[in-house]
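Numbering (the working numbering), first residue to last: 106 to 530. Backbone N, C-alpha and C define an ideal beta-carbon position, used for all residues, glycine too.
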Ligand code: PSV
Ligand code: MN
Ligand code: MN
């Protein structure tokens, strides 16, 4: 679908309203000494990867309600991300999961991505499912397995994923392990961790010199008693054991209730060890809901620490941003548009925090003022800034409205049919 060419006429009707909203906000912020152009250009530069598995309906173990016109192959997934990027101008990367997305024609896939102005971000391995014809089962673990055959198969799979990523231009591998136990006593914690460390070191040894390894953690699910890489401390320990180019990856949904994620982010950036970040939102666990739909203030606080870290921690690398979502009842593309909007808004608000004043208030122990400074930024309606950043790059003034006005889903159903099934979680 050629979305981009149709946007300028669609945008037209809302432009004068946008201009006056933007000028009004810009006046207010400039009078505070803030460079509004800088904020807008930072927003325009901020790109988030879309994972291939978020483009179809995910469902739960109780069932799956198809969303018509879902992408059935890698090319269609790339096309969907292309549509998202054309509308939002903030989804300029795609994150693949192997073996679900193993390309057959690499040159064609690279060309297609280029056509949509997309790059391939971190590539994901999958040792949480047994693949058809696999010699060994992961039922009792993959990288942590005591069964040497299963463990070697999992290591080899990760090395193969790196080789696939190299052909696409990816520069990082994300490892998320389902390994763990469901019952006390099922396995020896120390042996599992030792095996995992050893496996990760072998994968790290196969990493090209310009690649990074991201180690994701998660406290539970699919195992419900213990997870081998249960928390950021374990991930950090493993990353340190692997080497300089191994990092912790924070997924917002992978924490026990009320964890202080902003503090985790801050600590990891101070140590130069935060590598990647998966956005989603949740009420209870790893719900993978639309970003910002449940706890927008928490997202803002996390972003404030990320912004602080990006400004003050040169020891930390540029982060790999990704949305890690699952869709049960919404059109996945509409949900992703909402997530991208929420990310940009939280980022914009974090960019407005007056760090100099905040630091002075902290030094003066003026607790009330500290809170006021944060909340002044949080309460600002930053949507005109986000819109301006998008317009400057040729995106839609209102991506969701444009998506609907252009009849994107109907067109996808017309092209792909109604009863489609996407591969994914
Ligand atoms: C499972 O929890 C998960 O959502 C992890 O967050 C991974 O990043 C993703 O699946 C893909 O493997
Ligand atoms: Mn994740
Ligand atoms: Mn998850």
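In the three-state DSSP reduction, residue 458 falls in the coil class, being neither helix nor strand. Taking C-beta atoms as the reference points, residue 429 and residue 384 count as a pair closer than 8 Å.
The straight-line gap separating the alpha-carbon atoms of residue 213 and residue 465 is approximately 55 Å. For ligand 3, no non-hydrogen atom lies closer than 7 Å to the CB of residue 360. Judged by pairs of C-beta atoms under 8 Å, the stretch 291-300 does not touch the stretch 310-326, as fewer than three such pairs exist. The C-beta separation of residue 275 from residue 317 comes to about 10 Å, leaving the pair out of contact by the 8 Å criterion. Looking from the CA of residue 387, the closest CA among 421, 448, 216 and 359 belongs to 359.
Between residue 200 and residue 227, the C-beta gap is smaller than 8 Å, which places the two residues in contact. Judged by DSSP secondary structure, residue 344 falls within the alpha helix (DSSP H) whose first and last residues are 337-347. Per the Cβ contact rule, the stretch 338-353 is not in contact with the stretch 285-293 (fewer than 3 Cβ pairs under 8 Å). Assigned with DSSP and collapsed to three states, residue 240 falls in coil, not helix or strand. Here residue 359 carries a coil assignment [DSSP, helix/strand/coil]. In the DSSP assignment, residue 319 is bridged to 279 and 352. Short of 8 Å from the beta carbon of residue 491, and not among the five residues preceding or following it, lie these beta carbons of its own chain, in chain order: 148, 446, 449, 450 and 453. Membership of residue 383 in the beta strand (DSSP E) is indicated by the continuous run 379-384.
According to the DSSP assignment, residue 427 belongs to the beta strand (DSSP E) that extends over 425-428. Cβ-Cβ distances below 6 Å link residue 382 to 355, 424 and 426 in the same chain, with the five nearest sequence neighbours on each side left out; the list follows chain order.
Residue pairing by DSSP places residue 313 opposite no residue, since no beta bridge is assigned to it. Under the three-state reduction of DSSP, residue 364 is assigned to coil, being neither helix nor strand.
DSSP, reduced to helix, strand and coil, places residue 401 within a helical segment of the structure shown. DSSP places residue 154 within a strand segment (E or B) once states are collapsed to three. If you check the C-beta of residue 229 against ligand 1, you find a heavy atom less than 7 Å away.
In its chain, beyond the 5 residues on either side, 410 have a beta carbon closer than 6 Å to the beta carbon of residue 371. Between residue 433 and residue 164, the CB-CB gap stays under 8 Å. The criterion of a C-beta distance shorter than 8 Å is satisfied by residue 190 and residue 223. Between the beta-carbon of residue 260 and that of residue 334 there is about 16 Å, and that puts the pair past the 8 Å contact cut. Remark: C-beta atoms of residue 123 and residue 489 approach each other more closely than 8 Å. Check the Cα spacing between residue 183 and each of 211, 207 and 217: the tightest is with 217. For the pair residue 407 and residue 504, the CB atoms are not nearer than the 8 Å cut-off. Collapsing the DSSP output to three states places residue 472 in a helix. Taken atom to atom, the span from the alpha-carbon of residue 268 to that of residue 210 is near 14 Å.
In this structure, the straight-line span from the alpha carbon of residue 153 to that of residue 500 is close to 15 Å. Ligand 1 has a heavy atom closer than 7 Å to the beta-carbon of residue 281.
Membership of residue 200 in the beta strand (DSSP E) is indicated by the continuous run 198-200.
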